[in-house]
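> Chains as they are written, first to last, in this note's numbering: chain A, 60 to 343; chain B, 19 to 325; chain C, 143 to 499; chain D, 141 to 554. For glycine and all other residues, C-beta sits at the position ideal for the given N, C-alpha and C. My questions will all concern the structure given below.
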Amino acid sequence: MRLNRVALYGLLIVAAFMLMAPVLIMISTSLKPMSEIRGGSIFALPTDPTFAAWGKAWFGDCTQAVGDVCQGLSSSFMTSVRIVIPALILSVGLGSVTGYALAAWRVPGANLLFAALLVGMFIPPQVTLYPLIILVRELGLFGSISGLVLVHVIWGVAFTTMMFRNFFKTVPQDLLKAARIDGAGFWPLFWYVMLPLSLPILGVAMILQFTYIWNDFLLGLTFGGRSGQPMTVALNNLVGSQFGEKEYNVDMAATMLTALPTLAVYLLSGRLFVRGIAAGAVKG
Amino acid sequence: MVEPAHLAARRQHPDRRWWRPDWTARVALIPALIITIVCFYGFIVWTFIISLTRSRLLPVYNFTGFDQYARLFANERWWTSMQNLAIHGCLFIGGCVVIGYGLAILIDRGVRGEGLFRTMFMMPLSMSFIVTGVIWQWVMNPTLGLQEAVRDLGWVTFEFNWIVRQDRSIYTLAIAGIWQQVGLCMALFLAGLRNVDPNIWKASRVDGIPVWRVYLHIITPMMRTVFFTVFILMSAIVMKAFDLVVALTGGGPGFSSDLPARFVVDHILNRQELGMGAAGAFVLLCTVLAVISPYIYFELRKARGAH
Amino acid sequence: MNGVELRGVTKAYSGLAVMKDINLEIEDGAFLVLLGPSGCGKSTLLNMIAGLEPVTGGEIHIAGRDMTKLEPDERDIAMVFQSYALYPTMSVRKNIGFGLKMRGMARPDIERRVSEIGELLQITPLLDRKPSQLSGGQQQRVAIGRALVRDPVVFLFDEPLSNLDAKLRADMRVELKRLHERLGRTIVYVTHDQIEAMTLATRVVVLEQGRIQQNDTPENVYRRPANRFVASFVGAPTMNFLDGKLVRDGDAVLFDTGAGCLPVAGLPDHAAHLLDRPVTLGARPEHLVFDDAGCAAKVLLAEPTGPDQYVRVAVAGAEVTARTGPEQVFRSGASVSILADGARISVFDPDSGQAIL
Amino acid sequence: MTRFTKVAGLTALLLAGASASSLNAQTAEVLHWWTSGGEQAAIAEIRKGYEARGGEWIDTPIAGGSAARAAAVNRMLGGDPATVFQFAIGEQLRELADQGLLADVENVAAGQGWDDKLPPLIMQAAKHDGKYIAAPINIHGENWMFYNGAALEKAGVSVPKSWPEFIETAQKLQDAGIIPIGLGGQPWQERILFNSVMLGVAGRDFYARAYSTLDEDLLMSDTMLKVFETFAALKPFVDEGSPGRRWNEATAMMIDGRAAFHFMGDWAKGEIIAAGIEPGSSVGCVFAPAEDLAYIMTVDVFAFSNIDTDAARAAQEKMAGVMFDPDVQIAFNQKKGSIPARMDIPNDSFDDCAQYAIKTIQDPNTHLVSTGLFGVPSSVSGAIDDTISNFWNSADMTPEQGRDSFRQAIANAK
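And the structure:
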């Protein structure tokens with residue numbers, strides 16, 4: 060029995076190490092000066108840690124740059140924030156209301172709509188880029204943050220609807236009946252009863268949507284226009300913009316900086332995430 | 019009771035049938051309905067229409083029948099990418115299921131520091147596919163990464179050069195993909211394991227069944243829906259796989275690790291082959307439908323059974 | 143005039159009829175129990191009265207008004223659910239007050255009424271807890287409180303006691319009965335538990351396969367079941383059924399199963415026309431009496447329950463259960479003598495199952 | 141750079157952004173993919189020239205040519221085009237013009253006499269319906285072979301003049317522990333090597349005819365088989381880390397002597413200069429082994445969105461004028477490593493490699509097209525890249541199979 064426990068922890072630690080290693084390598088590399096990277100192994104720890112690469116990634120390297128490229132990632136960080144917050148609220152909000160309407164109310168063709176909507180989860184957004192561009196253009200939103208937000212909502216709604224609909228399907232029918240007898244109509248039932256119930260699943264949907272939206276590159280590049288370029292696009296410019304020897308430490312620092320918000324979300328809400336999944340996604 | 023509340027209630031609610039809540043529900047579904055019809059199916063139809071034309075850089079509507087499909091099916095790279103989709107799909111989903119389930123079981127055995135392990139397992143999930151690709155490209159690069167590091171340690175014949183080998187590069191996609199998504203699978207499985215009735219464990223201990231047998235023969239069959247959920251979520255990722263290929267292998271060496279989504283995007287955006295790209299997209303979407311139709315059928319049947 | 147009336151109500155799911163032409167008049171102040179096995183449609187019927195399920199045909203009148211097309215909250219009803227259906231995220235106080243809040247009642251009024259209900263049901267100390275912090279019985283009280291607070295014309299109960307343990311169930315039964323007497327409101331109560339039906343109801347409606355099988359007082363449902371289904375569903379242990387003929391044997395009447403006979407003592411005169419034709423005899427365990435005038439039977443098993451004793455015996459080629467007092471000791475295999483009390487038995491037509499006596 | 145200037149710069153940028161929408165006749169948003177160091181320095185010369193003439197420049201760099209081209213097209217479709225954008229000339233650009241998405245700069249071109257000053261191949265490609273729709277700034281040569289002199293010396297070899305010689309030399313380098321070819325393993329880089337081999341093995345005329353006609357008989361000829369055989373023979377001389385490597389990393393390998401040879405367009409000189417080395421000195425540049433003198437050309441151009449405001453038109457014409465200005469072309473090309481698109485510019489201010497290139501292209505017979513962004517339709521060029529890369533990276537494809545799949549892919553893409 061004791062041997063079993065040792066093996067158990069051994070396996071867990073090995074797995075944890077393997078999953079963490081690439082991230083640790085990134086962090087360690089980002090702290091090394093180039094001289095160390097050139098000579099040493101990627102697995103070696105930095106002997107002389109420095110945050111210079113992080114500074115360079117965040118503020119840009121204006122000693123060599125000409126023009127606007129020397130801004131680093133700092134300027135696009137706020138753009139990303141301005142995209143993510145409304146896109147997150149709207150996509151999760153629309154998904155929760157849609158999922159609720161599909162699950163809790165008798166709407167003719169609700170199942171058909173749900174099945175049809177699910178297909179949206181599987182369509183690669185790149186494939187339908189042109190018609191989407193035309194659509195957004197006709198709405199007069201192209202090249203604006205609003206347009207980008209709209210696009211994120213369109214591509215996020217299938218997923219969030221599925222999460223919420225499957226969760227709300229598990230809510231006992233009696234509860235809905237009780238609320239209707241109590242006189243709660245569509246919105247009060249949602250606001251006072253269903254939404255508070257769905258907090259765990261709301262958490263999961265928010266975390267996943269946040270990750271997807273924050274990490275998006277293609278939609279930001281296409282629909283953001285000149286002013287709406289998110290951090291991932293800036294990262295691409297930064298990583299693709301060095302010459303000669305690649306400055307791996309700056310690349311890695313920039314990558315870490317870009318990943319930091321999502322990383323923080325996962326670190327801070329890991330427990331919430333697991334609980335939310337337990338509350339909803341599994342029973343689906 | 020003190021006062022006849024029902025009278026008051028009735029006074030406040032005259033006949034309000036025009037504003038019945040189930041009508042509100044219908045109204046609330048309109049945005050989703052529009053998105054579904056216009057953005058999903060409308061765009062699919064549009065894609066199909068474009069696939070019947072000679073469109074190159076931009077959509078034009080001079081129809082040529084199924085020429086683009088003929089060209090597509092004569093294209094070696096397309097078949098490679100479809101074959102890769104199958105390989106990658108099996109490896110990635112299989113890997114996520116097996117490893118994710120394994121990790122969930124390990125954690126479910128009641129370990130200390132469960133939260134810490136969980137968090138560490140889920141950390142890669144926060145990384146974008148682009149970042150995942152960049153990291154792994156580096157780790158798997160034979161002259162920079164793991165292979166070189168191990169050789170430096172003295173094991174000079176060590177080989178891990180899949181990313182530069184045409185016959186192996188597709189596997190590197192699965193490795194990086196599994197690394198990124200296994201945490202989500204683990205969380206789903208763990209949640210499922212936690213839903214298992216504890217009495218089952220008591221019963222199996224009374225019966226003296228070894229733990230591994232309980233998992234294999236009793237718990238695993240009970241987790242059907244979780245397996246299903248994982249399968250669906252991971253399939254969605256496989257079908258859309260684009261960023262990861264771009265960042266990790268760029269589809270190479272050659273086009274040995276190309277996937278349909280990247281093929282399509284490459285032809286639409288870079289190759290001035292909108293028509294053929296659309297044909298590829300349509301074939302891809304048909305594949306998607308074939309894969310998920312059991313799921314949709316299941317969802318619908320489940321919903322009908324709820325009456 | 144605060145009763146409920148169902149006129150020709152039907153219900154069909156995708157063409158499949160589940161409720162067939164239900165006509166039912168529930169008097170003001172009645173405690174009507176809808177009794178039936180699961181799947182008989184009793185909950186569907188209740189939901190239709192509540193407005194939670196649309197009817198396929200027919201009309202539903204509550205308090206003299208046609209409510210067929212109205213929303214549940216417009217019908218002036220309240221409902222208590224088997225699962226209690228308390229809002230998990232709200233405190234008890236909010237749970238009870240929710241219906242009033244939805245009706246736009248001012249906050250101080252809500253407060254006042256909620257505390258009145260709290261006192262009435264003795265749950266005042268629980269008002270600020272969440273439902274998950276309550277025991278089953280406490281949740282049940284809250285659910286009732288939520289119904290009471292609105293003071294509707296009709297209360298609907300959907301198997302409200304079936305999630306409680308036996309003792310609590312008995313206590314709640316008593317309380318419900320008191321509540322009904324005190325409020326004097328119409329109650330429609332769904333259950334599959336005949337004890338609840340017997341103890342609570344002023345009127346019992348037995349449902350099976352979407353049809354009303356019998357609508358009568360609890361006593362009559364027990365004593366004079368309208369058909370074989372009602373007879374077998376009501377009463378525990380269940381009624382004994384024997385197929386055969388009633389034949390005259392001198393002064394006495396015997397029930398002849400073909401494999402033996404069972405004397406039937408004191409069959410009323412008006413039952414004479416039932417002689418010499420195939421019938422089904424229905425005898426509850428207490429209708430079978432150990433009496434030397436009876437015929438020979440063999441004890442198979444005795445089940446003492448405390449106040450009573452059920453004895454399984456083989457007689458006339460069949461097995462029947464008889465009820466007797468606890469005093470006598472029956473050994474398995476012993477020979478006894480048994481007869482049926484002709485004044486209380488039921489007789490059914492073997493083909494239609496309808497009671498003919 | 142101090143914190144203050146950074147803030148000031150940012151403020152200036154915000155102001156510039158604000159004025160972009162105003163009716164400033166001088167404001168041009170320029171979308172391009174020149175984000176690497178040498179490229180940035182080069183485009184800064186155009187910017188300087190433009191700003192010196194009173195223009196205001198809004199910079200929109202997007203790393204990666206295909207991403208930038210896609211962004212340019214998508215923004216045009218979306219109705220939010222960049223004023224001026226970098227693009228490839230050829231069919232793609234003509235299709236944009238057909239759709240009415242482009243503005244022409246014929247006025248400027250006529251005034252500056254572009255027709256007489258551009259190589260005919262480029263002149264034709266830059267025109268649509270007889271009007272210039274793109275401003276060519278430079279000519280890049282793609283059949284350069286850079287070498288590290290020290291590395292050659294170490295192995296005791298000299299620069300080979302033919303491909304058989306090259307293979308012998310490479311073997312010696314490999315024996316001496318030097319990577320013979322520093323190759324970036326992306327399809328387009330592999331294609332540059334292939335085209336150099338094709339030019340050297342099959343000759344200038346064959347190259348020109350094969351790519352202009354895409355004739356099946358030519359593509360299936362024995363000559364083509366020899367090209368594939370030679371190309372295949374180079375495989376062992378590339379290190380394992382090649383696949384996926386970016387071009388500037390490969391250039392760096394050659395600069396620091398890890399690799400001896402590097403086949404790349406002359407933009408690699410930008411990296412060489414940035415590393416503090418004068419091209420032609422310790423890092424040498426010659427044409428890839430070939431009997432015929434030829435220059436495989438590709439060209440950088442900027443195109444102009446159809447924005448129907450006088451302000452935008454004025455900015456575009458000013459920009460076209462700047463781009464064709466001799467001084468700007470000299471300054472730009474010195475930084476970029478290419479040679480001016482104008483053939484009338486004296487070559488004395490350029491490095492040895494560029495001087496040699498300028499001299500070479502005086503003979504129009506030497507003009508060959510690259511198949512990358514210039515010369516064949518992009519569908520064909522993509523198919524070419526695909527098959528070459530597939531063949532190059534395949535362990536078991538025979539040259540016959542390579543030739544066959546090459547022909548088939550081109551036929552399918554035509």
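Quick check on the DSSP output: the alpha helix (DSSP H) that includes P278/B runs from which residue to which?
Element bounds for P278/B: 278–283.
> What residue range does the beta strand (DSSP E) around N357/C cover?
Segment 353–358, the beta strand (DSSP E) holding N357/C.
> Short check: CB of A237/A to CB of F472/C, under 8 Å?
Contact flag unset, no.
> Can you name the residues of chain A whose CB is closer than 8 Å to the CB of T538/D?
Simply none; closest approach about 36 Å.
> Strictly under 8 Å for the Cβ-Cβ distance: is G303/A near chain D by that measure?
Note that G303/A has pLDDT 49, beneath the 50 cutoff, so the model's placement of it is unreliable and the number below is only indicative. Interface residue, yes.
> Alpha carbon to alpha carbon, how far is A471/D from S302/D?
Each residue's alpha carbon lies about 34 Å from the other.
> Is the Cβ-Cβ distance between T152/C and T210/C less than 8 Å?
Their beta carbons are not under 8 Å apart, which means T152/C does not touch T210/C by this criterion.
> Anything in chain B within Cβ reach of N274/A, meaning under 9 Å, just list it in chain order.
S144, M145, S146, F147, I148, V149, D261, listed in chain order.
> What beta strand (DSSP E) runs, 3 residues minimum, are completely inside the stretch 158–240 of chain D?
Here the runs fully enclosed are 167–172, 196–201, 224–227.
> Is V252/A closer than 8 Å to Y331/C when the C-beta atoms are compared?
Not a contact, by the Cβ cut-off of 8 Å.
> At 9 Å on the CB atoms, spell out the chain A contacts of R245/C, in chain order.
The answer, in chain order, is D241, G242.
> Is the beta carbon of G268/B sitting closer than 8 Å to the one on G424/D?
Not closer than 8 Å, so no.
> Thinking C-beta only, is G183/C closer than 8 Å to H334/C?
No, the pair does not count as a contact, with Cβ atoms beyond the cut-off.
> Take P420/C and list the residues in its own chain whose beta-carbon comes closer than 8 Å to its own, dropping the five residues that flank it on each side.
Once the five neighbours on either side are set aside, the close Cβ partners of P420/C are D385, G386, K387, P492.
> Can you tell me where the alpha helix (DSSP H) with W97/B in it begins and where it stops?
Segment 94–126, the alpha helix (DSSP H) holding W97/B.
> Under 7 Å between beta-carbons, which chain A residues line up against T82/B? List them in chain order, please.
In chain order: nothing, as chain A lies at least about 18 Å away.
> Kindly indicate which residue of M338/D, A310/D, A210/D has the alpha-carbon position closest to the one of A399/D.
Residue A310/D is the option with its Cα nearest to A399/D.
> Under the three-state reduction of DSSP, which class applies to Q496/C: helix, strand or coil?
DSSP places Q496/C in strand when its eight states are reduced to three.
> Can you check DSSP and say which residues form a bridge with H507/D?
Answer is Y435/D, bridged to H507/D.
> With burial defined as no fewer than 16 other Cβ atoms inside 10 Å of the residue's Cβ, what is the status of V324/A: buried or exposed?
The residue in question, V324/A, is buried, as its Cβ has 16 or more Cβ neighbours within 10 Å.
> Where S352/D and G515/D are concerned, what is the direct C-alpha to C-alpha distance, given to the nearest angstrom?
C-alpha separation (whole angstroms): 8 Å.
> Using a C-beta cutoff of 8 Å, does L241/D count as contacting chain A?
False, the Cβ-Cβ gap to chain A never drops below 8 Å.
> Pairing CB atoms from the stretch 502–511 of chain D with CB atoms from the stretch 435–445 of chain D, are three or more of them under 8 Å?
Touching, yes.
> What's the gap between the Cα of V245/D and the Cα of K267/D?
About 10 Å.
> Just how far apart, CA to CA, sit I412/D and M265/A?
For I412/D and M265/A, the distance between alpha carbons rounds to 49 Å.
> Examine chain F for any beta-carbon lying closer than 8 Å to the beta-carbon of S274/B, and answer yes or no.
The structure shown has no chain F; the protein chains it does contain are A, B, C and D.
> Which residue wins for smallest C-alpha separation from Q541/D, given the options M364/D, I395/D, A211/D?
For Q541/D, the nearest C-alpha among the options comes from M364/D.
> Among F102/A, L90/A, S89/A, V166/A, which one has its Cα closest to the Cα of F76/A?
Nearest C-alpha to F76/A: F102/A.
> Let me check you understand the geometry: is the CB of S311/B closer than 7 Å to at least one non-hydrogen atom of the ligand SAH?
Ligands are entirely absent from the displayed structure, and the ligand SAH is therefore not among its contents.
> Alpha carbon to alpha carbon, what distance is there between A162/A and G215/A?
When rounded, the distance between both Cα atoms is 18 Å.
> Out of K236/C, R283/C, V346/C, S277/C, state which residue places its alpha-carbon closest to the alpha-carbon of A172/C.
Nearest of K236/C, R283/C, V346/C, S277/C to A172/C, Cα basis: V346/C.
> If you measure beta-carbon to beta-carbon, which residues of the stretch 56–72 of chain B are closer than 9 Å to chain A?
Answer in chain order: V56, C57, F58, Y59, G60, F61, I62, W64, T65, I68.
> Which class does F368/D belong to by DSSP, given the choice of helix, strand or coil?
It is helical.
> Tell me which residue opens and which closes the beta strand (DSSP E) that M221/C is part of.
Where M221/C is concerned, the enclosing beta strand (DSSP E) stretches over 219–222.
> For the beta strand (DSSP E) holding D85/B, just list the boundary residues, first then last.
Element bounds for D85/B: not the beta strand (DSSP E) but the alpha helix (DSSP H), 85–91.
> Starting from T291/A, follow the beta strand (DSSP E) in both directions and report where the run begins and ends.
Here T291/A belongs to no beta strand (DSSP E); instead the alpha helix (DSSP H) covers 290–298.
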